[in-house]
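Participant: Before I ask anything, here is the structure I am working with.
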Amino acid sequence: MGKKYNPYDEMLQVLDRAAEMLNLEEDDYIQLKYPERELKVAIPLRMDDGSIKVFEGYRVQHSGVRGPYKGGMRYHQNVDLDEVKALAAWMSFKCAVVNVPYGGGKGGVTVDPTKLSKGELERLTRKYATLLYPVIGPQVDIPAPDVNTNAEVMGWFMDAYSTLEGHLSPGVVTGKPIEIGGSLGRGEATGRGIMFVTREISKKLNFSLKGAKVAVQGAGNVGGTAAKLLFREGCQVVALSDVSGAIYNEEGLDIEEIIEFLQAERGRLLKDYNTPGLSRISNEELLTLDVDILIPAALENQLTADISKNVRAKVVVEGANGPTTFEGDKVLEDKGVIVVPDILANCGGVIVSYFEWVQNLQSFSWDEERVNNQLEDLIVKGFNDVWNTAQEADTTLRMGAYMVAIGRIVTATKMRGLA
Ligand code: GLU
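Numbering (this note's numbering), first residue to last: 8 to 426.
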């Protein structure tokens, strides 16, 4: 209490708890407490007015035990080393939960991209790629989109890397535009994965998605797509938010119309959207609405202990990485709120990134149906592994997910050995 939120410390607490439940000795998993590599870079950027600004960026490679480092890169004014370290560790666990052959990494630049022109954003991305060049590559470390980065940014990143290599190298990043090696289905993959796990948890808890009340925090690639796909499944999405605030309609929002509105122009926000029957609520009000399903799909540190006390949702499906704090999680557990944890719920993105990478390595493309079906297979299998582990150990789905993930990483570590 009163201590500054540090996502890396939060990760360590969860890790220790799961290791204890697996009866691990500290020696078995101590390596997971330390990222294998942490790189900090200074990115000089020529601004449109001719001046030069320097932005700080990071790439953290947490664990490479199970495969190349994998994970997104975010552009946000609050990015710092502890955040990137935590996000990198969560990627190691995420890839292990669904058993894709990757380790975990993450990158970020401390910048508010809404303050940059498109040209500045492109130059920043190219310079960042150049600075990361010595430590990334299709067999080494493969970035992808995350908060405030998208397919266009991945295209620039890939081009900068390919130029240095001297040949086209699409497998160095995932989440690219389709025309230059991106995968069909990657754009919607994280949201689609959330829809699948929400459907699976509703089956286990015996409630129907038809008419289930849902609140979604975040209207970007993750929250917006999850809201849209759940809306199509018959859910009543009563609230949605973005950086400009939250909108609410107890009869349900027309999500298709809202997403179309937001995507029509770069920079459009929910504050610009209006329709009869809509009211505006605060972020805290959204998180504590009386709904069946709450989907925090924005940033970490949202469901703190204080907010969690007032959460009325039956189920929380974590679209964001780390939206619930360690203390918040305890409060939800005590209240009997079922939490489908981030490292399972939002792994649809990295699953389809894996498919994209496989397609790149084989110079072969899959149709969208194959992508979506294989995504469903992998995420449902991951869900069942987590559910069964949690049931057997009589614990939460978060602990179940960490037990599956850590078990796999520790086994691989032992098999590889330490000289
Ligand atoms: N940034 C996404 C995540 O946090 C996707 C990572 C990836 O596709 O590599 O899972």
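C-beta: ideal position from N, C-alpha, C; glycine also. Note that the coordinates shown come from a computational prediction; the quantities given were computed from them, not determined experimentally.
(1) Should Ala304 be listed as close to the ligand GLU, given that the test is whether its C-beta is under 7 Å from any heavy atom?
(2) DSSP three-state label for Met54, please.
(3) Quick check: the stretch 326 to 337 against the stretch 263 to 279, are at least 3 beta-carbon pairs closer than 8 Å?
(4) Under DSSP, the alpha helix (DSSP H) around Lys113 begins and ends at which residues?
(5) Inspect the beta-carbon positions of Ile262 and Ala222 and report whether they are closer than 8 Å.
(6) Return the bridge partner residues of Ser286 from the DSSP annotation.
(7) Throw me the rounded Cβ distance for the Phe362 and Ser176 pair, which I believe falls under 8 Å.
(8) Can you tell me whether Asp153 sits near the ligand GLU, meaning its C-beta is under 7 Å from at least one heavy atom of the ligand?
(9) I'd like to know whether the C-beta atoms of Leu131 and Val118 end up nearer to each other than 8 Å.
(10) Cβ of Gly200 within 8 Å of Cβ of Ile386?
(11) Considering only the beta carbon of each residue, do Val229 and Ala304 sit closer than 8 Å?
(12) Does the Cβ of Asn379 lie closer than 7 Å to at least one heavy atom of the ligand GLU?
(13) Could you give the distance in angstroms between the alpha-carbon of Glu32 and the alpha-carbon of Asp56?
(14) Mapping the DSSP letters down to three states, classify Leu301 as helix, strand or coil.
(15) Of all the options Gln366, Gly64 and Phe100, which has the alpha carbon lying nearest to the alpha carbon of Ala49?
(16) Using beta-carbon positions only, say whether Pro120 and Tyr168 come within less than 8 Å of one another.
(17) DSSP on Val105, reduced to helix/strand/coil?
(18) Which residues does DSSP pair with Ser124 in a beta bridge?
(19) Taking the straight line between their C-alpha atoms, what separation do you get for Met8 and Phe333?
(20) From Val107 to Gly115, what distance separates their C-alpha atoms?
(21) Under three-state DSSP, which class holds Asp87?
(22) For Phe371, does the three-state DSSP call read helix, strand or coil?
(23) Looking at C-beta atoms only, is the number of pairs between the stretch 407 to 418 and the stretch 13 to 28 that lie closer than 8 Å three or more?
(24) Quick one: is the Cβ of Ser360 within less than 7 Å of any heavy atom of the ligand GLU?
(25) Go to Phe62, then tell me how far its alpha helix (DSSP H) extends in each direction, as first and last residue.
(26) Identify the residues that DSSP records as bridge partners of Gln243: which are they?
(27) Could you please give me the residues that DSSP links to Met18 through a beta bridge?
Facilitator: If we stick to the structure as given:
(1) Within the sequence shown, numbered from 1, the residue matching residue 304 stands at position 297. Not under cutoff, so the answer is no.
(2) By 1-based counting over the sequence shown, the position of residue 54 is 47. If DSSP states are grouped into helix, strand and coil, Met54 belongs with coil.
(3) no
(4) In the sequence shown, the residue the question calls residue 113 occupies position 106. Note, Lys113: premise wrong, no alpha helix (DSSP H); beta strand (DSSP E) at Gly111 to Thr117.
(5) On the sequence shown, position 255 is the one that residue 262 refers to. On the sequence shown, position 215 is the one that residue 222 refers to. Going by C-beta atoms, Ile262 is not nearer than 8 Å to Ala222.
(6) Stepping through the sequence shown from its first residue, residue 286 is reached at position 279. Beta bridge pairing from DSSP links Ser286 with Tyr255.
(7) The count along the sequence shown starts at 1 and reaches residue 362 at position 355. The count along the sequence shown starts at 1 and reaches residue 176 at position 169. About 18 Å; that fails the 8 Å criterion.
(8) What you label residue 153 is simply residue 146 of the sequence shown in a count that begins at 1. Correct: Asp153 has its Cβ closer than 7 Å to the ligand GLU.
(9) Counted from its first residue, the sequence shown places residue 131 at position 124. Counted from its first residue, the sequence shown places residue 118 at position 111. Yes.
(10) Along the sequence shown, read from residue 1 onward, the residue named residue 200 stands at position 193. Along the sequence shown, read from residue 1 onward, the residue named residue 386 stands at position 379. Closer than 8 Å, so yes.
(11) Here the question's residue 229 lines up with position 222 in the sequence shown. Here the question's residue 304 lines up with position 297 in the sequence shown. Yes, these two residues count as a Cβ contact at 8 Å.
(12) The residue given as residue 379 occupies position 372 in the sequence shown. Not so, every heavy atom of the ligand GLU lies at least 7 Å from the Cβ.
(13) Numbered from 1 along the sequence shown, position 25 holds the residue referred to as residue 32. Numbered from 1 along the sequence shown, position 49 holds the residue referred to as residue 56. The straight-line gap from Cα to Cα measures roughly 57 Å.
(14) On the sequence shown, position 294 is the one that residue 301 refers to. It is a strand residue.
(15) For the purposes of this step, residue 49 is identified with residue 42 of the sequence shown, where counting begins at 1. Selected option, being the one with the closest Cα: Gly64.
(16) The residue you call residue 120 lines up with position 113 of the sequence shown. The residue you call residue 168 lines up with position 161 of the sequence shown. No, Cβ-Cβ distance for Pro120 and Tyr168 is not below 8 Å.
(17) For the purposes of this step, residue 105 is taken as the residue at position 98 of the sequence shown. Coil, per DSSP.
(18) By one-based count along the sequence shown, residue 124 stands at place 117. DSSP output for Ser124 lists no bridge partner at all.
(19) Within the sequence shown, residue 8 is the residue found at index 1, counting from 1. Within the sequence shown, residue 333 is the residue found at index 326, counting from 1. With a pLDDT of 48 at Met8, under the threshold of 50, the predicted position of this residue should be treated as unreliable, and no value is reported.
(20) On the sequence shown, residue 107 is found 100 positions in, with the first residue counted as 1. On the sequence shown, residue 115 is found 108 positions in, with the first residue counted as 1. Near 23 Å, if we compare the C-alpha coordinates of Gly115 and Val107.
(21) Here residue 87 corresponds to residue number 80 of the sequence shown, with the count starting at 1. If DSSP states are grouped into helix, strand and coil, Asp87 belongs with coil.
(22) Here residue 371 is taken as the residue at index 364 of the sequence shown, counted from 1. Phe371: coil per DSSP, three-state reduction.
(23) yes
(24) Position 353 of the sequence shown, counting from 1, holds the residue named residue 360. The answer is yes for Ser360.
(25) Residue mapping note: residue 62 aligns to position 55 of the sequence shown, counting from 1. Bounds of any alpha helix (DSSP H) do not take in Phe62; it lies within the beta strand (DSSP E) bounded by Ile59 to Ser70.
(26) As a first step, residue 243 is located in the sequence shown; it is residue number 236 there, counting from the start. Paired residue(s): Lys220.
(27) Locating residue 18 in the sequence shown gives position 11, where the first residue counts as 1. BP columns for Met18 are empty, so no partner.
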